[in-house]
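> Please see the structure below; I have some questions.
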Amino acid sequence: MWEWFAGLDPVPQALLAGLLTWGVTALGAATVFFRRAIPQSLLDAMLGFAAGIMIAASFWSLLAPAIDLSEARGGSGWFPAAAGFLLGAGFLRLMDRVLPHLHPDLAETDRPEGIPSHLRHTTLLVLAITLHNIPEGLAVGVAFGGAAGPDALHGVSLAAAAALAIGIAIQNLPEGVAVAMPLRREGQSRIRAFWYGQLSAVVEPVAAAIGAASVARIAPILPYALSFAAGAMLYVVVEELLPAAQRGGRTDLVTSATMIGFALMMVLDVALG
Numbered sequence: 192m193w194e195w196f197a198g199l200d201p202v203p204q205a206l207l208a209g210l211l212t213w214g215v216t217a218l219g220a221a222t223v224f225f226r227r228a229i230p231q232s233l234l235d236a237m238l239g240f241a242a243g244i245m246i247a248a249s250f251w252s253l254l255a256p257a258i259d260l261s262e263a264r265g266g267s268g269w270f271p272a273a274a275g276f277l278l279g280a281g282f283l284r285l286m287d288r289v290l291p292h293l294h295p296d297l298a299e300t301d302r303p304e305g306i307p308s309h310l311r312h313t314t315l316l317v318l319a320i321t322l323h324n325i326p327e328g329l330a331v332g333v334a335f336g337g338a339a340g341p342d343a344l345h346g347v348s349l350a351a352a353a354a355l356a357i358g359i360a361i362q363n364l365p366e367g368v369a370v371a372m373p374l375r376r377e378g379q380s381r382i383r384a385f386w387y388g389q390l391s392a393v394v395e396p397v398a399a400a401i402g403a404a405s406v407a408r409i410a411p412i413l414p415y416a417l418s419f420a421a422g423a424m425l426y427v428v429v430e431e432l433l434p435a436a437q438r439g440g441r442t443d444l445v446t447s448a449t450m451i452g453f454a455l456m457m458v459l460d461v462a463l464g
C-alpha cells in the first residue's frame, strides 16, 4: 500500500491525505448520533489535545524544515521562516475580519464576526470551522509538494508529510465534534448536524491539492509556503482552539491534554519523518 502511495504524484498524494483528514472530521461529527452527548469536560480536553498537535506540527513539520531548507540553499534560515509565519497569521487575521462567521462557543450570544451579513447561524458556524480548516489542508499539501523533489534531503520527506497528515487527521476528530454538537444543541436534526459538521472540512482536500500543486511548480517558494502554513495554523490555535477549550474553566485538564497532543505529534514526526 505504501509503495503504491509513494509512487503517486504529489497532488494525488495530497488529495488522498486531505480526504483522510476530512474523513476523520466526519467521524467526529458522527458523534451526534450517540445516545448520550459527549461531556463538556471531554470535549475541552479533546480541543486542548488538538491544539497541542497543531502547535507541534507547526514547528516540527513546517517551521524546522523551512529553516533547514533555506539554509541548505545558501540563504538566511530565519528570514523565510519569520516572513512566511507572519504572512500566514496575517492572512488568517484578514479572513477573520472579512468572512462572516460565528464561533461555536459564541453561537448562543448572537455576535458573529466579519462583515455584517444576514446568513443563518448554521451557515456562520460552518464558515468559522471551514475558515480554520484551510491552513490545515494547505499544510498537508505543501508538505507533500515539497517531498516530491530534492528537498526531501532537507527534512521535507514523504514520510514527514504523511506524519503531518496523520497528526492533523487525529486533531480533526474533536473539531468535527466541536461544530456538530452546537448545531445539534441549536435544534438541528442529527442528520443535518452531521452533514454540516463534515461539510466544514470538505475544503481540506481542495486546499491540500492546491498547496501541493503550487510548491511542486514553484520550488523556491517552499520555505515561505511551509512557514506560511505554520503561521496560519498557530493563529487558529491561539485565536480559536485554546480559548474554546478553556471556556469551561478546566485549565489544568486542557493544559495536560495540550502537552500530550504536542508530545504525540513530536513522536509521530520524529519516528515517521
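Here this note's numbering is used: the first residue of the sequence shown is 192, the next is one more, and so on. Just so it is clear, CB atoms sit at the ideal spot from N, CA and C, and this is done for glycine as well.
Return the Cβ separation of V289 and S391 in integer angstroms, given the expectation that the two are a contact with Cβ distance under 8 Å.
Not confirmed; about 18 Å, so no contact.
> Express the C-alpha separation of T212 and T446 in angstroms, rounding to a whole number.
Taking the straight line from one Cα to the other gives about 24 Å.
> According to DSSP, is E377 part of a helix, a strand, or is it coil?
It is coil, neither helix nor strand.
> Out of A384, I382 and G422, which one is the CA nearest neighbour of A255?
Minimum Cα distance to A255 is reached at G422.
> If we count the other Cβ atoms within 10 Å of its Cβ and call it buried at 16 or more, is G452 buried or exposed?
It counts as buried.
> With a threshold of 6 Å on Cβ separation, who are the neighbours of M237 within its own chain once the five nearest residues in sequence on each side are excluded?
So the qualifying residues of the chain are P365.
> With DSSP as the reference, label M457 as helix, strand or coil.
DSSP places M457 in helix when its eight states are reduced to three.
> Out of G268, P396 and A369, which one is the CA nearest neighbour of E431?
Comparing Cα positions, the closest option is A369.
> Does the beta-carbon distance from A354 to L459 come in below 9 Å?
Contact: yes.
> Quick one: using the 10 Å Cβ neighbour count with 16 as the cut-off for buried, is R408 buried or exposed?
Looking at its Cβ environment, which holds fewer than 16 other Cβ atoms inside 10 Å, R408 is exposed.
> What are the start and end residues of the alpha helix (DSSP H) that includes I306?
That residue, I306, is in no alpha helix (DSSP H); it is neither H nor E in DSSP.
> Which of the three DSSP states, helix, strand or coil, is assigned to R408?
Note: R408 maps to helix in three-state DSSP.
> With respect to the alpha helix (DSSP H) encompassing T222, which residues constitute its N-terminal and C-terminal limits?
Here T222 belongs to no alpha helix (DSSP H), and DSSP marks it neither H nor E.
> Evaluate S232 with the Cβ neighbour count: other Cβ atoms within 10 Å of its Cβ, from every protein chain shown; 16 or more gives buried, anything less gives exposed.
S232 should be labelled exposed.
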